[in-house]
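Residue numbers (our numbering): 8 to 799.
Note that CB positions come from ideal geometry on N, CA and C, so glycine has one too.
Everything below concerns the one structure shown next.
Okay, here's the thing in structure tokens:
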């Protein structure tokens, strides 16, 4: 039975109250819940965001800094309604998740959105939707527990017990390798390691999000269906935010409002990153770029992986292998090839930087890592390594091994490596998951001070809450070359997106065959089985926010031309990625401007459809494209779910109704790809690189069946001008009833904005406007004023 908050309040007033063991009072814009053993402060940071901080009474440790929170809560005074009596049954689950009767002595609070029921009988807090539907509630007499920290006795090991609703899906929490999409009924460890990323933000199909506000190693445990237990090792108390959406885009927006907006990457970052472990000389780096350019394979970035240095941590290159780096970078730049270079926080004991950092007492104790929480150590890292490389002409940094990894030869030592050590900012136990935040912040902040003309691009192997604000993307780490591993990456990336993190990628094809080989080996690009795996992974990688090939290869080659009879398919999908750049760059602006998400798990758009809750191998690429990777060796068909709308087959133009499962063809040359009704899909020309002709002709494919809208974004492609308003939007609208497409008046401008743009309008139908290649259509010339085109 469903009850409104008003009805619940009336019920609360109807029965006799037992003696209170807790008291609720008001204090400085917030509420204070006091029990005999603890003090809980509750603040409404807005109608749908609540901050809860609980600590034991008495000699509590000092509150430690949380630099990942960029927007401090400005408390909003809530409305209160105090109940003197109620029926027993707090935390009980009413059918359908509706609000249930609560024990006596409750205080109801809200600020115009999410509602709280705070019990003075047992000290629990229950969170409800604005209509009174129960979402999540603390449960038990004393739901919050504190023990002296096992790792850091001056802190607490804490536990909080919630009673979750039973019909929901739970997502987010970073990137993990279980292959699970929905974490309901499972346990998730939040502790940084190579291939495993801890982000303490969880979202539910019920419409709420929970941000666990600590960097301590933690665990989210829902093994027992009626218990959701969250624990942390060595923290300063219990600190969490409860957010209500109800849509997941709203929840991601609230997360980024708390932890920082994701800036725009340069336009070239949305093209292909050509990489391998590793190019051993500058000549090999140039050869890799030349192979793509001369073979007609679009590419934007060539990547210099590790071992380029004389001493790890110093800026000097191996002189024989890299005789003139500035000249090499100029030659690559002249071919419109951007460059990314790998740097580590781990310093060789023979390096000058190690000696200086150790001498200043600024290493992480007992390691070869610089302490990224020390301003002086961070300045040295920039001034002696990252800064000179940026000045030399490199365009991006690959921040490898920043979980962090203690020893290159022992991946097992990447787990919780900071936990037992002291950092400049405070105890490593509390900041156990914090290293990638501090490291990316150091490089980002100093880059922005040094270069306003060049947008920050960082690729970080690990991540944490707020890293998205540092111009940093992550990838899924050093994974094996195998179909089962490939399949697991999809769920990992989708949950990373639901953790509020917009930019992610993988090593296309996987990194190595297995960790038991010493050194780890790579597969043979001539092996038909590996060619099939690589093809399927490449087809998926085209629809990642970032498109990047990498890994060990026994043949020391990893371009599209290394895979023999698979090359035509690889080239075709590479062209598709580049045709999609107008679409993708516009989605990138939505990430920055409106907290958008490019790689969209189906639960983002159909969260109330239980059929999508466990789908781990389908997703939307932006609002239009339904992507269905092939993750089984030898598969030439696959079963997939078409959510509840109309769909068009991208390859044939055939219409398909939604809300059903289908079996789709998947020859090795393509994967099933569908487009949502009402989509407007802008496709550019095939170019060699992203900046070749960014305002060239655009094919606008219109998928009928529903009204549609798309905002085509324009800016100069690099630099910080966009953040000062130097940008424009071309609004495009499809009216299904009238059969008209309107390219609206351009909003905004900047120096260098195109005076004329040419569009080709294609109304998709079976056999018309299908596949990768350009389609004929109605040509229009656009000069910034509105144009309307009628479908024939």
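The distance from the Cβ of residue 182 to that of residue 499 is about 4 Å, consistent with a contact at the 8 Å cut-off. About 4 Å separates the beta carbons of residue 722 and residue 734, which is inside the 8 Å limit, making them a contact pair. Rounded to whole angstroms, residue 702 and residue 761 show a C-alpha spacing of 7 Å. Ranked by Cα distance from residue 615, the first of 243, 84, 254 and 185 is 254. With respect to the C-alpha of residue 72, the residue from 222, 583, 164 and 489 having the closest C-alpha is 222. For residue 58, the three-state secondary structure derived from DSSP is strand. Excluding residues up to 5 positions away in sequence, 85, 87 and 123 lie with their Cβ nearer than 6 Å to the Cβ of residue 116 in the same chain.
The DSSP-derived three-state label of residue 682 is strand. Relative to the Cα of residue 61, the nearest Cα in the group 365, 649 and 167 belongs to 167. Between residue 318 and residue 355, the C-beta spacing is below 7 Å.
In the three-state reduction of the DSSP assignment, residue 297 falls in the helix class. Taking each of 120, 140 and 147 in turn and checking the Cα distance to residue 126, the smallest one comes out for 147. Rounded to whole angstroms, the Cβ separation of residue 516 and residue 540 is 7 Å, and the two are in contact under 8 Å. The DSSP-derived three-state label of residue 654 is strand.
Note: residue 520 is not bridge-paired with any residue in the DSSP secondary-structure output.
Closest option to residue 389, judged by alpha-carbon separation, among 381, 186, 503 and 449: 449. Between residue 626 and residue 501, the gap from beta carbon to beta carbon is short of 7 Å. For residue 544, there is no enclosing beta strand (DSSP E); the enclosing alpha helix (DSSP H) has its first and last residue at 535-548. According to the DSSP secondary-structure assignment, residue 227 is paired through a beta bridge with 195 and 237. Rounded to whole angstroms, the separation of the alpha carbons of residue 377 and residue 371 is 6 Å.
Beyond the five residues adjoining it in sequence on each side, residue 208 comes within less than 6 Å, by CB distance, of 179, 218, 262, 506 and 507 in the same chain, given in chain order.
Per DSSP, reduced to three states, the secondary structure at residue 401 is coil, with no helix or strand assignment.
Distance check between residue 787 and each of 617, 763 and 654 places 763 closest, using alpha-carbon atoms only. In the DSSP assignment, residue 515 falls outside any beta strand (DSSP E), carrying neither H nor E. For the pair residue 686 and residue 712, the CB atoms are not nearer than the 7 Å cut-off.
Across the structure, residue 215 and residue 133 are spaced so that their CA atoms are roughly 13 Å apart.
With a 10 Å radius around the Cβ and a threshold of 16 neighbouring Cβ atoms, residue 496 comes out buried.
Runs of beta strand (DSSP E) with 3 or more residues, each lying fully within the region 432-481, are found at 465-467, listed in chain order. For residue 211, the enclosing beta strand (DSSP E) covers residues 204-211. The bridge partners DSSP lists for residue 50 are 58. For residue 149, the closest alpha carbon among the candidates 213, 324 and 63 is that of 63.
For residue 163, the beta-bridge partners assigned by DSSP are 155 and 242. Ranking 491, 677, 314 and 664 by CA distance to the CA of residue 283 puts 314 first. Contact between residue 121 and residue 55 is confirmed by a C-beta separation of about 5 Å, below the 8 Å threshold.
Only residues of its own chain outside the window of five on either side were considered, and among them 63, 64 and 149 have a CB closer than 8 Å to the CB of residue 44, listed in chain order. Setting aside the 5 residues that flank it on each side, residue 583 is surrounded in the same chain by 549 and 779, each with a C-beta closer than 7 Å to its C-beta; the list follows chain order.
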